[in-house]
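Structure first, commentary second.
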Amino acid sequence: MEWLTYYKSIGYDHVYLYCNDDNPEELYKTILPFVVGKDPFVTFVDFTFKGLQHQMYLHFLTNYHQETEWVSFFDVDEFLNIPAFSDISTLTKHYPDADCIVFYWLVFGHNGFEKNPTGLVLENYNRRGVGINEYTKYICKTESLMDDKIFSQAGFGFWHNPLWHSYKKINAVDVLGRQEFSIHNLSKEQIEKIECTATVHHYMIKSYEYLEHRVKRGTAGSFSGQVIWDTSAESQRAALEKSLLEFNAQQDDSLTSYWNKLIHKAYNKRVASPVTGTLISQNKPCIQSSISEWSIGSDVHSDAKNAVNGIINGIPKFHTSLENNPWWEVDLGKMSNVTDIVIYNVSDHLASRCQNIKIEFSTDGYVYNTLYEKKDSIPVGSLLTQPFHIHTDFHARFIRIVLLGRNFLHLDQVLIYGK
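So this is what it looks like as structure tokens:
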């Protein structure tokens, strides 16, 4: 789910997900939200031949190449990081003459985990090897890959770089625009530019436990060249330990930060942002200018106090009579440093009664000063819109809300924050 969500977030239009060595029903159940509906994001293929990586990709080209203009071949532990671009379409347009844009690996380590941690890859892993890796992945015009050599045994490995496995001339460039892909003659500045432009973050080893799982899975078929998973010899184990240290040498929070920003969008459409201060008005004594037949309490004190009972539901908690400049007031009990005032209007059709208001404060309950006047003739917000919120800084004991003009005053809730 995380991997699919990530690629959708950077603008890939569709994913052809090949299940090669897992229970297809379990994986299909996991990704169900991506395969249902009128225009699903994922085409799911149960490819039952274990280890035939080359043939798996050729199956895609044989059956689905006509559905795509550009294609990438990524494993589920590979995340394309494109910090220099808003999405993958913007990236391809940045290289207008290229048939193929090549991305270097950044290899991430196990972050010291003995066992696979709970949570997401992008939240758990932020340590990698220093510099870029010579292994590459790419995004390529699909038609450029429809080549006899790629479909032959000589095409093995084309998913890393098609240039070396094709009879066709493919105009392939790396993210620096180079047509030569050696990393050994790159300057420090060029490596940093590559890292800041686009790379593939390869989360190769999740933990020691994960490593044991990969060893048990074996290295059959196309995976036979992955010597790192064969730990039968002590010398290989020592080399593996050294590699694990190297793959954790440098901190890289780029995709962790990207993911956190993506998740933080949960707050983009938020009713009533939380206030950091302490609520100091709840259940404090209150008074209002009058009561009416719609009042809940029997007097100006008991009716007014309902506006600080902490229950926000859009229903009027007090109700004055029809009068000029009706008001409501809370007594904080002592001099307090007030930092925020939040007012919730009622949420029914009578919300329009409360539009223009004045907020006053007093230290003694006799002399009042004006803190704020709202005269825009727009109804004060409710839980259905946004409450009226003033961030301020003053000292007072009494806070009064005055409705300007002749009308009834009724509100859902008033919250005073401070210390």
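Under the numbering used here, the first residue of the sequence shown carries the number 1332, and numbering increases by one thereafter.
Note that beta-carbon positions come from the ideal geometry of N, C-alpha and C, so glycine has one too.
The C-beta separation of Leu1593 from Ser1340 comes to about 6 Å, placing the pair in contact by the 8 Å criterion. Met1666 carries a strand assignment under DSSP once its states are collapsed to helix, strand and coil. If you look at Ala1503, you'll find it isn't in any alpha helix (DSSP H); it sits in the beta strand (DSSP E) that goes Ala1503 to Asp1505. If you draw a 10 Å sphere on the C-beta of Lys1648, you find 16 or more other C-beta atoms in it, and that means buried.
In terms of Cα proximity to Tyr1748, the closest of Ser1652, Ile1611, Trp1590 and Leu1476 is Ile1611. The beta carbons of Gly1342 and Thr1421 sit closer together than 9 Å.
Bounds of the beta strand (DSSP E) holding Asp1377 are Val1373 to Asp1377. For the 9 Å CB-CB criterion, His1532 and Arg1459 form a contact. If you draw a straight line from the Cα of His1496 to the Cα of Ile1481, it comes to about 6 Å. Boundaries of the alpha helix (DSSP H) harbouring Phe1391: Gln1384 to Tyr1395, taken from the DSSP string. DSSP places Asp1634 within a helical segment (H, G or I) once states are collapsed to three. Nearest Cα to Asp1408 within the set Val1438, Ile1514 and Tyr1697: Val1438.
In this structure Val1461 is exposed. Its beta-carbon is surrounded by fewer than 16 other beta-carbon atoms within 10 angstroms. For Ile1674 against Ile1732, the beta-carbon gap comes to about 7 Å, under 8 Å, which counts as contact. The Cβ atoms of Val1745 and Trp1659 lie closer than 9 Å to each other. Assigned with DSSP and collapsed to three states, Ala1429 falls in coil, not helix or strand. DSSP places Lys1689 inside the beta strand (DSSP E), whose first and last residues are Ile1688 to Ser1693. Shown here for Phe1444: same chain residues with a beta carbon closer than 6 Å to its own, the five before and five after excluded, namely Ser1538 in chain order. Each of Ser1483, Gly1488, Lys1472 and Asp1479 was checked against the Cα of Val1504, and the nearest Cα belongs to Lys1472.
For Leu1517, the secondary structure class from DSSP, reduced to helix, strand or coil, is coil. Secondary structure of Phe1410 (DSSP, three-state): strand.
Between Thr1528 and the set Thr1587, Ser1588 and Phe1416, the nearest pair of CA atoms involves Phe1416. The Cβ-Cβ distance between Ala1580 and Val1669 does not fall below 9 Å. If the five residues before and after Thr1393 are omitted, its C-beta is found closer than 6 Å to no C-beta atom of its own chain. With respect to the C-alpha of Thr1587, the residue from Ala1569, Leu1451 and Ile1514 having the closest C-alpha is Leu1451.
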